[in-house]
Amino acid sequence: MALLLCFLLSLFISSATACDRCVHQSKAAYFSKASALSSGACGYGSLAVGFNSGFLAAAIPSLYKDGAGCGACFQIRCKNANLCTKGGTRVIVTDLNRNNNTDFVLSSRAFAAMARQGMSQDILRQGIVDVEYKRVPCDYKDRNLAVRVEESSRKPNYLAIKVLYQGGQTEIVAMDVAQVGSSYWTYMSRNHGAVWNTSRVPDGALQFRFVVTSGYDGKWIWAKSVLPADWQNGVVYDSGIQITDIAQEGCSQCDDGSW
């Protein structure tokens with residue numbers, strides 16, 4: 004029935020979109036220490052511990068996407084119905100999983116949350132379990148997209164920022180910076196994970212624009228006034244915008260709404 008739904012939907016939508024509730028099959032393991040994920044490849048550092056109540060994950064390269072997948076949210080459930088709930092657990096990607104045996108390595112808190120009540124220790128003893136997962140939108144109702152100025156930044160020659168609280172089901176694939184009110188944009192490079200940088204720092208207060216993709220589609224999003232002229236290292240600045248787009252992904256298996 005789920006496959007039929009995907010086929011019927013494809014008749015009514017353009018070739019640029021497809022079923023956005025793809026379910027994938029794999030395995031998941033866990034780290035015993037959450038710090039292993041908070042200090043991961045995305046560069047979130049200690050901030051990651053406060054994301055999603057510590058429900059974090061390291062994802063394989065095809066999901067990490069050279070850092071574009073940092074901050075993506077996934078719903079994951081183990082397939083042992085006697086041990087695990089149907090709802091599973093929701094995680095945020097904060098690290099790269101280099102282990103080819105599993106698509107995800109979860110924080111122990113997220114891994115245990117897949118279990119039925121009173122069975123968290125049982126699933127932890129398993130160590131690795133068969134799972135199915137799907138990407139889901141990240142929802143930060145009380146937070147706009149924000150940028151943190153990294154400690155390595157040095158006026159006026161170098162600026163590095165970390166992107167935080169990216170909502171929706173999207174990826175930021177490019178970023179530019181300009182002085183507020185100016186049309187002269189400077190390209191920023193992805194340093195690693197969620198960290199972007201440039202050695203050509205405009206003067207004064209700064210605005211940003213992002214290329215945001217959601218499946219097949221992409222668009223520019225402008226944050227017209229983000230950093231004040233006296234921006235400081237280590238400070239998180241509110242962009243004043245929220246990203247809520249939902250990704251479109253072609254898939255052979257579609258979520259039937261049962262989770």
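Each number in our numbering comes from the position in the sequence shown (counting from 1) with 3 added on.
By construction, the Cβ of each residue, glycine as well, lies at the ideal position given by its N, Cα and C atoms.
Nearest residue (CA-CA) to residue i, options the options
i, options, result
"Ser29", "Glu135, Val108, Leu66, Ser35", "Glu135"
"Leu99", "Leu209, Ala197, Arg203", "Ala197"
"Ser185", "Ser192, Gly72, Leu209", "Leu209"
"Phe58", "Ser111, Lys82, Cys141, Ala226", "Ser111"
"Lys222", "Phe213, Ala116, Ser192", "Phe213"
"Val176", "His195, Ala60, Lys158", "His195"
"Asn104", "Lys158, Ala32, Val26, Ala60", "Ala32"
"Leu66", "Gly91, Ala51, Arg80, Asn102", "Asn102"
Neighbourhood of residue i by C-beta distance below 6 Å, restricted to the same chain and skipping five residues each side
i, result
"Leu6", "Bear in mind that the predicted position of Leu6 carries a pLDDT of just 37, short of 50, making it unreliable; the figure below should be weighed with that in mind. Here the set comprises nothing."
"Ser13", "Below a pLDDT of 50, predicted positions are generally treated as unreliable, and Ser13, at 33, falls in that range; no measurement from the model is reported."
"Phe54", "Ile95"
"Trp188", "Asp179, Ala181"
Nonlocal neighbours in the same chain, by C-beta distance under 7 Å from residue i, ignoring five residues either side
i, result
"Ile246", "Leu148, Gln169, Gly170, Gly171, Thr173, Val215, Ile224"
"Ser156", "Leu162, Ala163, Asn236"
"Leu86", "Ala118, Arg119, Met122, Asp125, Ile126"
"Asn160", "Ser202, Val204"
Segment limits, beta strand (DSSP E) that includes residue i
i, result
"Ser29", "27-34"
"Asp98", "92-99"
"Arg80", "76-81"
"Ile244", "Taken as a continuous stretch (DSSP letters only), Ile244 belongs to no beta strand (DSSP E), as it is neither H nor E."
"Arg212", "209-217"
"Asp233", "No beta strand (DSSP E) holds Asp233; DSSP gives it neither H nor E."
Same chain, Cβ closer than 8 Å to residue i, five either side skipped, listed in chain order
i, result
"Val139", "Cys76, Phe77, Gln78, Arg93, Gln172"
"Gln182", "Pro205, Asp206, Gly207, Ala208, Leu209, Gln210"
"Gly130", "Ala32, Tyr33"
Exposure label - residue i; buried when at least 16 CB within 10 Å
i, result
"Leu238", "What sits at residue 238 in the sequence shown is Val, not Leu. Exposed is the call here."
"Lys3", "Outside the displayed range of the chain (4 to 262) lies residue 3, so it cannot be described from this structure."
"Met4", "Because Met4 sits at a pLDDT of 35, beneath the cut-off of 50, its placement in the model cannot be relied upon, and the following sentence gives the value as read from the coordinates. Result: exposed."
"Asp233", "exposed"
"Glu154", "exposed"
"Tyr47", "buried"
"Pro242", "The sequence as given places Ser at residue 242; Pro does not occur at that position. Its Cβ being crowded by 16 or more others within 10 Å, Ser242 is buried."
"Gly43", "buried"
"Arg146", "exposed"
Start and end residues, alpha helix (DSSP H) containing residue i
i, result
"Ala113", "111-115"
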